[in-house]
Structure formats: C-alpha cells, structure tokens
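Below is one structure, written out as structure tokens; comments come after it.
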Amino acid sequence: MEQKYILKNCDSFEPKHIFECGQCFRWNENEDGSYTGVFGNNVINVNKINQEVIFKGVCDGDIKNICENYFDLKRDYEKIKYELSNIDNYMKESIKYGSGIRILNQELWETVISFIISANNNIPRIKGIIERLSKKYGNKIVWQNKEYYTFPTVEELSRASIEDLRKQGLGFRDKRVYETTQIFLKNKDFEKKLKEEINYEKIKNSLLELPGVGPKVADCILLFSTLKKLEAFPIDVWIKRVVQELYFKEEKDLKLTNDVLNKLAKEKYGELAGIAQQYLFYWRREA
DNA sequence: ACCCAGGGTCGTC
DNA sequence: GACGACCCTGGG
C-alpha cells in the first residue's frame with residue numbers, strides 16, 4: 031500500500047546533496063531527478079519540487095515517522111550551517127555548495143557492513159557489491175512493478191560463507207565481513223551495548239574490535255548510523271587532500287597524520303566536526 | 001596494453 | 001609508528 035508525505039518549506043534538504051555526499055550506497059537517481067532507495071523494509075522515492083519535498087513509497091509503518099527519523103528532519107540544519115559558516119570562508123563556501131546536505135540515521139548493522147566494504151574501494155563498486163548481497167540474501171519488495179531488495183539481516187547474511195562472499199565480488203573484504211557477521215550473530219549484546227553507550231570514545235573502541243573496522247570506518251559508522259555522533263571526523267584521502275590544500279598550502283612536505291587532523295577538527299569544528307567534514311568532502315569531490 | 005586510484009585495514013618490521 | 005600487500009573495477 032503506497033503512502034505519501036510532503037514536507038513544506040524545507041531549505042536544508044536537497045536530494046542530490048544528501049545521497050551523493052558519500053554517506054549511503056543504496057539510493058539511485060531516476061530520470062525525473064528524484065531518488066529511490068531501500069532502507070529497513072521500506073522503499074521510498076524522494077523528489078524536491080518548488081521547495082516541497084515529496085516522499086512516497088511502501089513503508090513498514092507510517093511514512094511520516096519513518097522519514098522524519100531517517101532523514102533527521104527534527105534537527106535544525108539552518109542553525110548548524112550558521113554556526114559553521116562563522117568559522118572561516120572555506121567552510122562558508124563549502125556550505126553554500128552543499129547547502130541541502132543532511133546526515134541520515136541509517137541502521138547500525140547495515141552501516142557497519144557497508145563501510146567495511148568501502149575500504150580501499152570506489153563508490154560504483156561498493157554500490158554494486160551491496161546490491162548483489164541484498165539481492166542474494168535480503169528480501170524482495172515489489173513496488174510499481176519493480177523489484178527491490180532489503181539489506182540482509184545478521185541471520186540472513188550469516189548464511190554466506192567466505193567463498194560465497196568472494197563470489198559476490200567483495201575481494202579481500204570477504205573474511206572481514208564474514209567474521210564481523212559472526213560476532214553480531216553470536217554476541218547479541220554487542221549491538222545492544224553499542225546502542226546504549228553514549229560516550230564517543232567508548233563506542234569507537236568497541237567498533238575497533240570488529241575485523242575490517244579501523245579508525246576511518248569506525249568514524250563513518252559513528253556519524254552516519256543511528257549512533258549519530260556529530261563529533262566523529264572520518265579521515266580519508268579526500269579530507270586529507272582538502273585540509274592540505276586549504277590550511278597547509280605553504281607546507282607541502284608536512285605529513286598530515288591522523289593526530290594532527292583530529293586535533294585540527296576538534297579545535298576548529300568542535301562538536302560539529304562530522305558535519306563540517308561532509309560539507310568539505312562533498313565540495314572537494316564535486317566542485 | 002598498461003597503470004593507477006578508489007571514503008583503509010592488517011600484519012610485519 | 002612506518003610500509004607494503006591486498007581483490008577488483010573503471011578510467012586515463
């Protein structure tokens with residue numbers, strides 16, 4: 031049964047910015063400029079027409095509640111952008127470029143596996159792998175005569191052997207995904223404890239125990255999932271590049287270690303470092 | 001054809 | 001702490 035929800039007068043919401051800033055892998059653009067994606071047991075289409083955002087699709091519950099939660103609609107991004115804009119002109123320019131970015135509240139398990147797959151990988155291939163895993167191990171949902179597949183649950187993905195995963199194109203990440211799946215399967219408390227803990231460092235240390243999760247992937251999980259730690263500052267090749275170009279232009283031979291970058295992030299952007307990172311990331315990649 | 005990079009992590013020195 | 005290996009794919 032199709033549902034619909036319309037959001038009016040929302041400045042900080044631009045589908046392209048949200049879905050192409052690298053936080054998610056299951057949203058695809060349609061010919062009309064709208065995007066369709068799968069999350070949980072929902073298939074949703076999102077379009078923005080004249081300052082109105084239109085959500086429609088098939089949902090596991092009330093579409094308004096589901097979208098308010100997933101798209102982080104209750105957070106005041108105008109205020110966040112105002113605060114970050116005052117930090118410096120680079121920030122101001124990148125925010126102008128990605129003004130409609132919002133950080134999604136994605137399911138923890140899916141975010142963990144997705145970003146383990148993202149290691150030393152490119153976005154088209156990451157999307158392909160996740161799509162194949164969903165098709166093979168997830169559940170089918172039909173909407174408007176098209177087939178969509180949910181991201182596999184822990185139990186569903188645990189049916190895949192290391193060899194099965196390799197066949198789906200994971201490469202050397204097969205063992206990491208397999209072992210992390212086993213941990214989630216056999217230790218039900220692991221996920222529960224992550225969700226109950228509120229301290230950023232403590233959650234990060236727990237995540238680092240998982241095979242395939244290093245500092246970068248851990249920060250992506252902390253920022254992009256329902257854990258929603260906005261101070262998490264994922265350090266990747268692109269953010270190293272942009273920080274080098276903006277703030278260390280005269281010191282080309284200076285090595286930007288994670289410690290230096292984390293310190294800079296904390297001092298400059300504070301509790302909003304993760305959101306600042308997303309504006310800079312999107313700006314550097316797209317502009 | 002060949003090389004390189006891609007939202008890094010892991011094992012080894 | 002630094003360094004190389006690592007599956008695979010698309011683009012130059």
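Going by our numbering, the first residue of the first sequence is number 31, and it counts up by one from there.
Cβ coordinates follow ideal geometry from the N, Cα and C atoms, glycine included.
Note that the coordinates shown come from a computational prediction; the quantities given were computed from them, not determined experimentally.
Runs of the beta strand (DSSP E) lying entirely within the stretch 162-233 and spanning at least 3 residues, in chain order: 170-173 and 176-179. Between the alpha carbons of Asp106 and Asn292 lies a gap of roughly 25 Å. Spatial neighbours of Ser144 in its own chain (CB-CB distance under 7 Å, excluding positions within 5 residues in sequence) are listed in chain order as Phe55 and Ile160. In this structure, Trp139 lies away from Phe254, with their beta-carbon atoms at least 8 Å apart. For Gly87, the uninterrupted beta strand (DSSP E) segment begins and ends at Glu82 to Val88. Fewer than three Cβ pairs drawn from the stretch 214-224 and the stretch 167-182 lie within less than 8 Å of each other, which leaves the two stretches out of contact. Taking 8 Å as the cut-off, the Cβ atoms of Thr210 and Val142 count as close.
Across the structure, Asn229 and Asn235 are spaced so that their CA atoms are roughly 10 Å apart. Two segments are said to touch when three or more pairs of C-beta atoms, one from each, lie closer than 8 Å; by this definition the stretch 87-106 does not touch the stretch 116-125. Residue pairing from DSSP places Lys34 in a beta bridge opposite Lys86. Selection Ile251, Lys205 and Ile74 evaluated against Ile84 yields Ile74 as nearest (Cα-Cα). If you draw a straight line from the Cα of Cys89 to the Cα of Leu284, it comes to about 51 Å. Here the C-alpha atom of Lys225 lies approximately 28 Å from the C-alpha atom of Lys165. Distance from the CA atom of Gly87 to the CA atom of His47, rounded to whole angstroms, is 21 Å.
With contacts defined by Cβ atoms closer than 8 Å, Ile146 and Arg203 form a contacting pair. Contact between Cys51 and Ile153 is ruled out by a C-beta separation of about 11 Å, above the 8 Å threshold. CA-CA distance, Ala149 to Ile251, rounds to 13 Å.
Sequence-distant Cβ neighbours of Lys296 in its own chain, meaning closer than 7 Å and more than five residues away, are Ala303. Asp41 and Arg196 have their C-alpha atoms some 43 Å from each other.
In the three-state scheme derived from DSSP, where H, G and I count as helix and E and B as strand, Asn99 is classed as helix. The three-state reading of DSSP puts Glu108 in helix, counting H, G and I together. Per DSSP, Asn119 is not a residue of any beta strand (DSSP E); the alpha helix (DSSP H) it occupies stretches across Asn119 to Tyr127. Just so you know, the alpha carbons of Glu231 and Asn77 end up roughly 37 Å apart. Note on the stretch 266-290: whole alpha helix (DSSP H) runs with a minimum of 4 residues are 267-277, in chain order. Straight through space, the alpha carbons of Gly67 and Glu280 are spaced by roughly 43 Å.
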